[in-house]
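FYI, our numbering numbers position 23 of the sequence shown as 33, with every residue one higher than the one before it.
Working notes, structure below.
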Amino acid sequence: MIERRYLLSGLALGGAMIAAPMLFAKPGKRPLAQPGWRLSDAEWKKRLTATQYAVLREAATERPYTSPLNKEHRAGTFACAGCALPLYSSKTKYDSGTGWPSFWAPLPGAIATSVDHELGYPRTEVHCPRCGGHLGHVFDDGPKPTGKRYCMNGAALRFVPA
């Protein structure tokens with residue numbers, strides 16, 4: 011039978027191995043907002059709802075299936091909720107089954123990316139290149155022709171009908 015001290019030591023070591031990447035991960039470098047969009051926190055809080063502020067400025071993630079944009083199927087453009095920069099065409103939107111608006115490609119030159127270590131492993135975070143707002147993440151499990159899934163927070167987007 012395993013002695014209690016060996017069992018406890020093993021559990022402590024295992025927990026440390028799981029937690030270490032999160033404790034020592036360095037955050038990715040976020041894109042800087044373009045001149046004219048470098049607003050103070052107070053200015054952003056005046057422009058955005060509480061949920062939009064949490065997502066765009068603090069990199070929060072909205073709960074899945076809570077955004078009405080997840081069910082938006084009209085022709086148009088999805089723009090940044092912070093600065094109105096056009097980001098995605100409705101032609102590239104698809105139902106990924108994740109509960110967040112998903113696209114297989116952005117508009118040309120419309121997004122910026124950085125490496126996000128928030129969960130202890132690297133993910134590709136998607137930002138607005140104009141205001142620097144957090145939009146979501148991109149994954150390599152999307153449909154053809156790109157194989158990408160741009161999984162966006164609906165609170166970070168605004169739909170503009172065609």
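Note that the Cβ used here is the ideal one computed from N, Cα and C, for glycine as well.
The beta strand (DSSP E) enclosing residue i, as first and last residue numbers
i, result
"Thr123", "122-126"
"Ala89", "86-90"
"Glu135", "133-137"
"Arg73", "Neither: Arg73 is in no beta strand (DSSP E) and is coded neither H nor E."
"Leu145", "144-149"
"Pro171", "167-171"
"Ser99", "96-99"
"Cys161", "159-162"
Bounding residues of the alpha helix (DSSP H) (the contiguous stretch that carries residue i)
i, result
"Arg67", "60-68"
"Arg57", "51-57"
Exposure of residue i, with buried meaning 16 or more beta-carbon neighbours within 10 Å
i, result
"Val65", "buried"
"Val170", "exposed"
"Asp126", "buried"
"Phe101", "It should be pointed out that residue 101 corresponds to Lys in this sequence rather than to Phe. Exposed: under 16 other Cβ atoms inside 10 Å."
"Tyr131", "exposed"
"Lys158", "buried"
"Ala26", "At Ala26 the pLDDT is 43, less than 50, meaning the model places this residue with poor confidence; the figure from the coordinates comes in the next sentence. Exposed: under 16 other Cβ atoms inside 10 Å."
"Gly92", "buried"
"Lys36", "Caution is warranted here: a pLDDT of 39 is assigned to Lys36, below 50, making its placement in the model unreliable, and no coordinate value can be reported."
"Arg84", "exposed"
"Asp140", "Residue identity differs from the one stated: residue 140 is Arg in this sequence, not Asp. So Arg140 counts as buried."
"Ser50", "exposed"
"Arg73", "exposed"
"Tyr75", "exposed"
Distance CB(residue i)-CB(residue j) smaller than 8 Å
i, j, result
"Arg168", "Ala60", "no"
"Thr156", "Trp110", "no"
"Tyr160", "Gly142", "no"
"Ser77", "Ala165", "yes"
"Ala122", "Pro96", "no"
CA nearest to the CA of residue i, picked from the options
i, options, result
"Asn163", "Pro118, His83, Phe88", "Phe88"
"Glu68", "Pro132, Val148, Glu128", "Glu128"
"Gly107", "Ala120, Lys81, Pro118, Ala91", "Lys81"
"Tyr104", "Ala43, Leu79, Trp47", "Leu79"
"Ala52", "Val148, Pro45, Gly46, Tyr63", "Tyr63"
"Ser124", "Trp47, Ser112, Glu135", "Glu135"
Original post:
Between the segment 52-69 and the segment 152-159, do three or more beta carbon pairs fall short of 8 Å?
Top reply: Not touching, per the Cβ criterion.
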